[in-house]
Amino acid sequence: MNKEVDINELLKELSLSEKIGQLQQLASQFYIKDSEGELTGPLKDLGISEEKIWVSGSVLGVKDAEEARRIQDKYLDKSSTKIPLLFMADIIHGYRTIFPIPLAIGCTWNLNNAVLCGQVSAKEAALSGVHVTFSPMVDLVRDPRWGRVMESTGEDTYLNSVFGKAFVEGYQGDLSSNYNIASCVKHFAAYGAVEAGREYNTVDLSDRQLKEYYLPSYESSIDEGAKMVMTSFNTIHGVPASGSKYLMRDILRDNFQFDGVVISDWGAVGELQVHGVAADDEEVAEKAISAGVDVEMMTSCYINNLENLVKEGRVQEELIDEAVLRILQLKKDLGLFSDPYRGMDGDKAKQMFLCNEHKEAVRKVARESIVLLKNENVLPLSKDKKVAVIGPKGDSTDLLGGWSWQGRKEKITTLKENLIEGIGNNLISYAEGCDINGHDESGFEEAVNVAKEADVVILALGESSEMSGEGGSRAYIGLPGVQEKLAEEILRLNKPTVVLLFSGRPLEITNLSEKAPAIIEAWFPGTEGGAAITEVLYGDFNPSGRLTMSFPYATGQIPVYYNCYNTGRPKTSNTAETRYVSQFIDIPNEPLYPFGYGLSYTQFQYKDFTLSSDKMTKDDKIIASVTVKNIGDRKGTETVQFYIRDLVGSTVRPVKELKGFKRIELEAQEESKVEFVITEEMLRYYNIDSELVSEPGDFHAMVGSNSADTYTKKFTLL
1 MNKEVDINEL LKELSLSEKI GQLQQLASQF YIKDSEGELT GPLKDLGISE
51 EKIWVSGSVL GVKDAEEARR IQDKYLDKSS TKIPLLFMAD IIHGYRTIFP
101 IPLAIGCTWN LNNAVLCGQV SAKEAALSGV HVTFSPMVDL VRDPRWGRVM
151 ESTGEDTYLN SVFGKAFVEG YQGDLSSNYN IASCVKHFAA YGAVEAGREY
201 NTVDLSDRQL KEYYLPSYES SIDEGAKMVM TSFNTIHGVP ASGSKYLMRD
251 ILRDNFQFDG VVISDWGAVG ELQVHGVAAD DEEVAEKAIS AGVDVEMMTS
301 CYINNLENLV KEGRVQEELI DEAVLRILQL KKDLGLFSDP YRGMDGDKAK
351 QMFLCNEHKE AVRKVARESI VLLKNENVLP LSKDKKVAVI GPKGDSTDLL
401 GGWSWQGRKE KITTLKENLI EGIGNNLISY AEGCDINGHD ESGFEEAVNV
451 AKEADVVILA LGESSEMSGE GGSRAYIGLP GVQEKLAEEI LRLNKPTVVL
501 LFSGRPLEIT NLSEKAPAII EAWFPGTEGG AAITEVLYGD FNPSGRLTMS
551 FPYATGQIPV YYNCYNTGRP KTSNTAETRY VSQFIDIPNE PLYPFGYGLS
601 YTQFQYKDFT LSSDKMTKDD KIIASVTVKN IGDRKGTETV QFYIRDLVGS
651 TVRPVKELKG FKRIELEAQE ESKVEFVITE EMLRYYNIDS ELVSEPGDFH
701 AMVGSNSADT YTKKFTLL
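The sequence shown: position 231 = 231 (UniProt numbering), numbered continuously.
What follows is the structure, encoded as structure tokens:
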């Protein structure tokens with residue numbers, strides 16, 4: 001076959017069983033060997049015959065280019081259709097050279113970093129035989145108990161939307177290059193709203209909330225050209241996503257005009273029966289194909305039942321034809337009919353893995369993702385001071401985070417090793433103190449003794465990679481094990497101490513924030529994390545990260561997010577001592593660290609916030625401007641954030657919503673005028689009739705360094 005293949009004519013040549021085969025995705029283990037002993041287990045578990053694997057349309061999770069080539073060879077030899085396989089994988093924040101987790105990339109507030117991550121990841125993945133990545137995840141996340149917050153870019157609709165577009169741009173380009181791969185937006189829809197932050201749990205949202213807060217980020221990525229969409233595990237309006245015509249037909253196909261491939265998440269089609277909306281595998285297949293799921297990942301309801309359902313008249317063959325055409329179109333777009341081995345080059349892949357160019361890209365993003373949460377005259381550190389590195393993350397190679405299955409921990413240089421390389425072995429000492437999740441305190445004494453001999457202490461604490469990501473929900477999101485006890489022992493020494501946190505989520509660190517003089521959130525920073533952190537600690541790089549998820553004051557406060565509603569009885573400074581307002585009686589309403597927050601080694605002053613007019617019609621624009629000055633003594637980067645509040649609407653409106661941001665780099669004592677354009681489109685929302693409109697009335701425009709510290713001007717939409 002060649003790239004000019006007519007997929008409509010090709011479709012006519014396929015038998016019904018061959019067409020249905022294109023809708024099946026199997027893991028790579030099914031194709032590795034012909035040996036019956038190798039295949040009996042998985043084939044039996046999935047309930048399919050061996051011959052059916054040779055009509056399946058796509059493969060999940062090949063380990064390298066050599067394996068992909070062997071599988072494609074064998075498939076084309078055995079397949080009756082000779083239609084090449086698609087190879088897909090979870091390339092979430094890097095293939096072999098691992099970037100910081102997506103939540104950390106969001107905290108850079110730099111869209112170019114998402115593009116860069118996509119480009120480097122795509123190049124390494126494509127050379128390794130991958131055609132499609134299951135990324136970006138654009139789920140809106142407000143509950144850090146959910147492990148998969150590490151895959152998102154945070155709690156804000158607008159920010160997730162623009163980052164989603166940037167990731168798609170990086171992965172895909174226009175697919176003309178063999179270094180690009182197709183992107184798959186996930187999880188459709190609203191998976192980030194699972195109850196209690198528990199994996200695979202229920203989602204129950206109003207239609208207006210769904211449309212206004214959760215759907216825009218998917219639509220944005222689709223508008224950028226994403227080739228695939230993955231269904232979510234959860235329910236929406238009482239229907240599991242993989243069986244929801246409302247989500248897949250009405251919203252995705254009709255409203256968003258998406259014409260690409262829809263794939264289920266692992267096993268999600270078969271789970272319609274477990275959810276209780278289908279009695280058996282036949283009904284599962286009927287509901288999923290009718291809803292619009294094109295590819296069934298790792299269950300066998302389609303391949304074992306669709307043919308009979310068509311013969312019985314319960315499923316129209318046209319539904320199968322539509323799905324197959326979309327899959328064939330994607331294969332054609334990727335050039336697989338012309339070259340089934342598109343991009344596969346194991347030798348070149350090995351040259352790209354961890355090459356200097358890719359490592360420098362990762363280090364750049366890692367530097368910018370680090371968030372300075374507190375600093376009482378401790379940072380940056382002096383390079384002539386003795387430093388004690390204390391804690392289980394201090395000499396750990398567990399810096400990659402979840403969804404880094406092709407990463408290599410043995411290639412990681414730890415924080416301690418980077419400090420020794422940069423500062424000198426004679427100035428760095430180390431004691432683990434305790435492990436990540438255990439309760440053994442026997443190492444405390446050594447840790448205290450090591451800390452006593454130092455001028456400065458770095459407490460390297462946090463989670464293991466397995467504590468976040470899929471299946472990594474946590475009810476208590478404080479530091480695990482006895483790490484906080486270790487920290488208290490060290491902090492009693494009253495040494496200049498930096499608490500350095502490694503995590504896949506915001507943590508509950510209220511006690512530490514009260515006692516520690518300096519705190520840095522490093523997330524899971526990736527392959528070059530240790531080097532990037534060292535640069536920040538010693539001031540070779542001025543921290544510029546800003547939070548894209550609020551840090552809770554207490555776990556019981558969750559969900560806590562900046563763009564909440566005011567309520568009818570808001571707690572204000574005038575009602576602080578009043579009982580009958582919306583409040584906790586034992587903790588503040590506000591988060592410990594709010595959305596958009598982050599410190600620098602310099603300070604920025606905001607002044608002269610003005611609007612070009614205090615009135616506008618629907619055809620007008622207002623220019624909001626503010627002057628920002630670096631009043632410190634070193635160069636720094638400030639993220640100027642712009643928010644709007646609709647004061648009166650036909651439905652309740654949030655207290656503020658992010659509508660724009662600009663990163664500016666200023667030399668010491670330099671100032672810059674920053675402008676934002678207010679348009680009528682920015683003022684639209686879903687009204688009481690679920691219509692996307694703007695309504696005349698008063699608004700607040702707000703500008704500041706984070707969502708809690710803003711300057712306000714009022715304007716009116718006529």
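Note that CB positions come from ideal geometry on N, CA and C, so glycine has one too.
Owing to the predicted nature of the structure, the values given are computational and were not obtained by experimental measurement.
**Prompt:** Excluding the five sequence neighbours on either side, which residues of its own chain have a C-beta within less than 6 Å of the C-beta of A531, listed in chain order?
**Reply:** Closer than 6 Å at Cβ, skipping near neighbours: R363, N418.
**Asked** Shortest alpha-carbon distance to L60 belongs to which of I71, F87, S49, I48?
**Response** Selection I71, F87, S49, I48 evaluated against L60 yields F87 as nearest (Cα-Cα).
**Request:** Would you mind working out which of S49, N178, A68, A349 sits nearest Y95, comparing C-alpha positions?
**Result:** Comparing Cα-Cα distances from Y95 to each of S49, N178, A68, A349, the minimum goes to A349.
**Prompt:** How would you write the range of the alpha helix (DSSP H) that Y221 sits in, first residue to last?
**Reply:** At residue 221 the sequence reads Ser, which differs from the Tyr that was named. S221 -> alpha helix (DSSP H) spans 216-223.
**Request:** Following the continuous beta strand (DSSP E) through A27, name the residue where it begins and the one where it ends.
**Result:** Element bounds for A27: 24-27.
**Item:** Neighbourhood of Y565 by C-beta distance below 8 Å, restricted to the same chain and skipping five residues each side
**Value:** Short of 8 Å from the beta carbon of Y565, and not among the five residues preceding or following it, lie these beta carbons of its own chain, in chain order: V652, R653, P654, V655.
**Closest Cα partner of S15 within the set V324, R579, G539** = It is V324.
**Beta-carbon proximity check, L624 vs E671, cutoff 8 Å** = Sequence check: residue 624 is Ala here, not Leu. Contact: no.
**DSSP-derived helix/strand/coil call for S465** = S465: helix per DSSP, three-state reduction.
**Prompt:** Roughly how many angstroms separate the alpha carbons of V703 and G596, rounded to a whole number?
**Reply:** Straight-line Cα distance between these residues: approximately 12 Å.
**Request:** Scan the stretch 453-521 and note each continuous beta strand (DSSP E) run of 3 residues or more that stays entirely inside, going in chain order.
**Result:** If we require 3 residues or more, the beta strand (DSSP E) runs fully inside the stretch 453-521 come out as 456-462, 497-502, 518-521.
**Message:** Let me confirm a value: Q257 is counted as buried when at least 16 other C-beta atoms fall within 10 Å, else exposed. Which label applies?
**Reply:** Its Cβ having fewer than 16 others within 10 Å, Q257 is exposed.
**Request:** Pick helix, strand or coil for S80, following the three-state DSSP scheme.
**Result:** Coil.
**Request:** Could you round the C-beta distance between I644 and A701 to whole angstroms and report it? I think they count as a contact, below 8 Å.
**Result:** Yes, they are in contact, since the Cβ atoms of I644 and A701 sit about 6 Å apart, within 8 Å.
**Request:** Pull up the CB-CB distance for K227 and G260, whole angstroms please, since I reckon it's below 8 Å.
**Result:** Approximately 5 Å separates the beta-carbon atoms of K227 and G260; this is inside 8 Å, confirming the contact.
**Request:** Kindly say whether I644, judged by its beta-carbon, lies nearer than 8 Å to any beta-carbon of chain C.
**Result:** Here chain C cannot be found, since the structure has a single protein chain.
**Item:** Secondary structure of residue 741, DSSP reduced to three states
**Value:** A question about residue 741 goes unanswered here, because the residues of the chain that appear run from 1 up to 718.
**Asked** Is P136 helix, strand or coil when you go by DSSP?
**Response** Under the three-state reduction of DSSP, P136 is assigned to coil, being neither helix nor strand.
**Asked** What residue ranges within the stretch 169-246 form continuous alpha helix (DSSP H) runs of no fewer than 4 residues, ordered along the chain?
**Response** Within the stretch 169-246, the complete alpha helix (DSSP H) runs of at least 4 residues are 216-223.
**Sequence-distant residues of the same chain with beta carbon closer than 7 Å to E36, five excluded per side** = Low per-residue confidence applies at E36: pLDDT is 41, beneath 50, and the placement is therefore not dependable enough to give any value.
**Asked** Do you know offhand how far F699's Cα is from F502's?
**Response** C-alpha of F699 to C-alpha of F502: approximately 39 Å in a straight line.
**Message:** Just to confirm, is the Cβ distance from L140 to Y200 under 8 Å?
**Reply:** Using a Cβ distance threshold of 8 Å, L140 and Y200 do not count as a contacting pair.
**Request:** Mind checking which residues open and close the alpha helix (DSSP H) that includes G21?
**Result:** That run of the alpha helix (DSSP H) goes 16-21.
**Request:** Let me know if T712 comes out buried or exposed under the rule of 16 or more other beta-carbons within 10 Å of its beta-carbon.
**Result:** Taking all protein chains in view, the Cβ of T712 is surrounded by fewer than 16 other Cβ atoms within 10 Å, so the residue is classified as exposed.
**Same chain, Cβ closer than 6 Å to N589, five either side skipped, listed in chain order** = Excluding residues up to 5 positions away in sequence, K571, Q583 lie with their Cβ nearer than 6 Å to the Cβ of N589 in the same chain.
**For A89, the first and last residue of its enclosing beta strand (DSSP E)** = First-last of the beta strand (DSSP E) with A89: 86-89.
**Straight-line gap, F337 to G118 (C-alpha atoms, nearest Å)** = Computed Cα separation, rounded: 25 Å.
**Message:** Less than 6 Å between C-beta atoms, sequence neighbours within five positions excluded: which residues of the same chain meet that for T40?
**Reply:** Any reading at T40 must be qualified, since the residue scores a pLDDT of 44, below 50, and its modelled position is unreliable; the value itself is stated next. The answer is none, since no qualifying residue turns up.
**Request:** May I have the straight-line CA-CA distance separating V371 from G154, to the nearest angstrom?
**Result:** The alpha-carbon atoms of V371 and G154 are separated by roughly 14 Å.
**Request:** Keeping to the same chain, check which residues put their C-beta closer than 7 Å to that of I20; ignore five residues upstream and five downstream.
**Result:** The residues Y302, I303, L306, E307, I320, in chain order, have a CB closer than 7 Å to that of I20 in the same chain once the five nearest residues on each side in sequence are set aside.
**Asked** Would you call the CB atoms of H187 and T231 closer than 8 Å?
**Response** The answer is yes: Cβ separation under 8 Å.
**Message:** Assess contact between the stretch 398-411 and the stretch 459-471, defined as three or more Cβ pairs (one per stretch) separated by less than 8 Å. Is contact present?
**Reply:** Yes, they touch.
**Request:** Work out the CA separation of L272 and F233 for me, nearest whole Å.
**Result:** Computed Cα separation, rounded: 9 Å.
**Item:** Short Cβ contact (8 Å threshold) for A126 with Y75
**Value:** Taking 8 Å as the Cβ cut-off, A126 and Y75 do not qualify as a contacting pair.
**Asked** When you compare each of L328, T716, A708, P340 to N563 by their alpha carbons, which one comes out closest?
**Response** Checked all of L328, T716, A708, P340; the closest Cα to N563 is A708.
**Message:** Quick check on this structure: which residue in L23, E67, F167 has the alpha carbon closest to the alpha carbon of A122?
**Reply:** Here the closest residue by C-alpha is F167.
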